[in-house]
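Q:
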Amino acid sequence: MGFSDIIGQDKSLAVLRGALAKNRLHHAYLFTGPQGVGKRKIAISISMALHCMEKSGDPCGHCVECTRITAGNHPDVREIEPLPGKKEISIRQIREAEKELHYRSFTGGRKVAIIDPATLLNPASQNALLKTLEEPPMDSLLFLISPSASAVLPTLRSRCLRVSFGPIPRPLIADFLISNKGARPEEAGFLAALSMGSLGLALEMEGKELRETRREWVEMLAPLKGGNYRGAIDAAEALASNRDQTLKFLAWAESWYRDLLVYGLRQESGDVVNLDMLPELQRQQAQLGLERSLSTATAASDAGRNIQRNLNRRMVLEQFLFGIVGSR
Ligand SMILES: [Zn+2]
Numbered sequence: 316m317g318f319s320d321i322i323g324q325d326k327s328l329a330v331l332r333g334a335l336a337k338n339r340l341h342h343a344y345l346f347t348g349p350q351g352v353g354k355r356k357i358a359i360s361i362s363m364a365l366h367c368m369e370k371s372g373d374p375c376g377h378c379v380e381c382t383r384i385t386a387g388n389h390p391d392v393r394e395i396e397p398l399p400g401k402k403e404i405s406i407r408q409i410r411e412a413e414k415e416l417h418y419r420s421f422t423g424g425r426k427v428a429i430i431d432p433a434t435l436l437n438p439a440s441q442n443a444l445l446k447t448l449e450e451p452p453m454d455s456l457l458f459l460i461s462p463s464a465s466a467v468l469p470t471l472r473s474r475c476l477r478v479s480f481g482p483i484p485r486p487l488i489a490d491f492l493i494s495n496k497g498a499r500p501e502e503a504g505f506l507a508a509l510s511m512g513s514l515g516l517a518l519e520m521e522g523k524e525l526r527e528t529r530r531e532w533v534e535m536l537a538p539l540k541g542g543n544y545r546g547a548i549d550a551a552e553a554l555a556s557n558r559d560q561t562l563k564f565l566a567w568a569e570s571w572y573r574d575l576l577v578y579g580l581r582q583e584s585g586d587v588v589n590l591d592m593l594p595e596l597q598r599q600q601a602q603l604g605l606e607r608s609l610s611t612a613t614a615a616s617d618a619g620r621n622i623q624r625n626l627n628r629r630m631v632l633e634q635f636l637f638g639i640v641g642s643r
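Take 316 as the starting number for the sequence shown in this note's numbering and just add one per residue.
1. For residue 351, I'd like the list of residues in its chain whose CB is within less than 6 Å of its CB, leaving aside the five on either flank, ordered along the chain.
2. Is the Cβ-Cβ distance between residue 403 and residue 436 less than 9 Å?
3. Tell me whether residue 344 sits in a helix, a strand or coil according to DSSP, three-state version.
4. Please tell me whether, using a cut-off of 8 Å, the distance from the CB of residue 376 to the nearest non-hydrogen atom of ligand 1 is below it.
5. Residue 477 by DSSP, collapsed to three states: which one?
6. Does ligand 1 have a heavy atom nearer than 8 Å to the CB of residue 511?
7. Quick one: give me the first and last residue of the beta strand (DSSP E) that residue 393 is part of.
8. With a threshold of 8 Å (Cβ to nearest heavy atom), would residue 316 be considered close to ligand 1?
9. Keeping to the same chain, check which residues put their C-beta closer than 7 Å to that of residue 422; ignore five residues upstream and five downstream.
10. Thinking C-alpha only, which one of 577, 551 and 619 is nearest residue 535?
11. Which same chain residues, not among the five before or five after residue 439, have their C-beta less than 6 Å away from its C-beta?
12. Is residue 475 near ligand 1, in the sense that its beta carbon is under 8 Å from a heavy atom of that ligand?
13. Pull the bridge partners of residue 427 from the DSSP assignment, please.
14. Go ahead and label residue 450 buried or exposed: buried means 16 or more other beta carbons lie within 10 angstroms of its beta carbon, across all protein chains shown.
15. Do you know offhand how far residue 416's Cα is from residue 340's?
16. Give the range of the alpha helix (DSSP H) segment to which residue 493 is assigned.
17. Per DSSP, what kind of secondary structure is residue 404 in: helix, strand or coil?
18. Jot down the residue ranges of each uninterrupted beta strand (DSSP E) in the region 326–370, minimum 3 residues, whole runs only, in chain order.
19. Mind the definition here: the region 603–611 touches the region 574–589 only if three or more C-beta pairs lie below 8 Å; say whether that holds.
20. Ligand 1 heavy atoms versus the CB of residue 646: any closer than 8 Å?
21. Could you pull out every residue in the same chain whose Cβ sits closer than 6 Å to the Cβ of residue 362, ignoring the five residues on either side in sequence?
22. Look up residue 610 in the DSSP assignment and give the residues it is bridged to.
23. Could you check how far apart the C-beta atoms of residue 570 and residue 511 are, in whole angstroms? I think they sit under 8 Å.
24. Run through DSSP, which three-state label would residue 461 get?
25. In terms of alpha-carbon separation, which member of 508, 325, 345 and 354 lies closest to residue 568?
26. In the structure shown, what three-state DSSP assignment does residue 539 receive?
27. For residue 577, report the span of its alpha helix (DSSP H) as first-last.
28. Could you tell me whether any non-hydrogen atom of ligand 3 is closer than 8 Å to the CB of residue 404?
29. Kindly list the residues whose CB is nearer than 8 Å to the CB of residue 443, restricted to its own chain and excluding five residues on each side of it in sequence; keep chain order.
30. Hey, quick one: how far does the alpha helix (DSSP H) through residue 549 stretch, first residue to last?
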């Protein structure tokens, strides 16, 4: 792993690598952007570059320091996320991290803490972190990772240098899947389109029975009309069983309703993502109309963001599915 593995983030990466080369990295960064576009990977790559034994500016990826960082057991680089079974990053985790940031580095590099996602800091841990940001320990480097800047308290984000990362262009994701995962071009194009610019999501979906699952989702959504709220509640319960599944469903739902909009506007299938389901798409488009397609796609995207902010999955899904029930 290193900078060469990061795709589609040339501009932000150039700024960061420039600061790294001149030894002018800020003491705290807020990385914002959709999930799966490389934010955490870049934070880790910078940490590796700071500690790498080859000292070439780029992490070599195979020395002892680099290997320990990728394995998550380097004494100078700590990744902070909720502990297993917990929903939030606790104040205790932040206090421990702060204590460590004050120790001298084992390798003479910088002490790094990567908080991902910063949206899962509870109010107490945000306050503890604020103290660290106000008086950053010498040679410390903090990365806060979040889907959006607004999801982090203003007092925290004003003390960080913000770098935003956009969705990765579709062709780059497709090329990556073909050259690194041996995906067939048709499959790669499909996954790239469905991933909405998230390489992380494309990789997760790769190799799984996504086509089958999508059929199940379409069949599940079909009876949700005309006041079938009971059906929506049951569907929400089934989909909420795990977070990944909820996120995948909502990413797909966004693509599906966007397809309905695109097809409705152009009456041709050139930009349609769910191309293999065109007959069903045509049928639903005739029923739903443009305005509803757009509002449901937006609702799916909002719901996905709310899941990433850790709102209750079932509640978010019910709200989204009730919107569908009420619209038909
Ligand atoms: Zn190295």
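All C-beta atoms in this analysis are idealised placements derived from N, C-alpha and C, irrespective of residue type, glycine included.
A: If we stick to the structure as given:
1. 513, 514, 515 and 516
2. yes
3. strand
4. yes
5. strand
6. no
7. 392–395
8. no
9. 366, 380 and 391
10. 551
11. 406
12. no
13. 392 and 456
14. exposed
15. 16 Å
16. 485–496
17. strand
18. 343–347
19. yes
20. Residue 646 is absent from the model: the chain starts at 316 and stops at 643.
21. 384, 392 and 427
22. DSSP, once it has assigned bridges, lists no residue as partnering residue 610.
23. 7 Å
24. strand
25. 508
26. coil
27. 558–581
28. Among the ligands in the structure shown, ligand 3 does not appear; only ligand 1 can be found there.
29. 406, 409, 410 and 413
30. 544–554
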